[in-house]
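K.L.:
There's a structure below that I have some questions on.
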Amino acid sequence: MKTTLKIDGMSCEHCVRHVTEALKGVAGVTSARVDLEKQSAEVEHGDSVSPDALKAAVEEAGYEVA
1 MKTTLKIDGM SCEHCVRHVT EALKGVAGVT SARVDLEKQS AEVEHGDSVS
51 PDALKAAVEE AGYEVA
């Protein structure tokens with residue numbers, strides 16, 4: 001499955017790395033591509049991963065999911 005998240009609060013490449021690591025830390029996530037310019041993330045994951053789990057990981061990292 002693929003989920004796209006709109007993320008607010010990223011301002012630099014450090015933010016991108018932080019969000020990427022947070023998303024990859026969710027069990028079942030196979031890849032995460034975070035785009036600073038688009039302020040979004042594309043996450044590929046198994047069926048057992050809920051959008052709420054992805055949102056929680058981003059928010060724990062200190063960013064907001066729009």
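Residue numbers (the working numbering): 1 to 66.
Glycine included, every Cβ here is placed at the ideal spot set by N, Cα and C.
Small disclaimer: the values here were computed from a predicted structure and weren't measured.
1) To which residues of the same chain is T30 closer than 8 Å at the C-beta, ignoring the five residues directly before and after it?
2) Which stretch, first to last residue, makes up the beta strand (DSSP E) that contains V29?
3) Identify whether A61 lies in helix, strand or coil by the three-state DSSP scheme.
4) Please state the DSSP three-state secondary structure of T16.
5) Work out the CA separation of G28 and T3 for me, nearest whole Å.
6) Give the single residue among G25, C12, H14 whose Cα lies nearest to the Cα of K55.
P.N.:
According to the data block:
1) Once the five neighbours on either side are set aside, the close Cβ partners of T30 are E44, H45, G46.
2) Start and end: 29 to 35.
3) Three-state DSSP puts A61 in coil, outside helix and strand.
4) This sequence places Val at residue 16; Thr is not what is there. Residue state, collapsed to three classes: helix.
5) Cα-Cα distance, rounded: 13 Å.
6) Closest option to K55, judged by alpha-carbon separation, among G25, C12, H14: G25.
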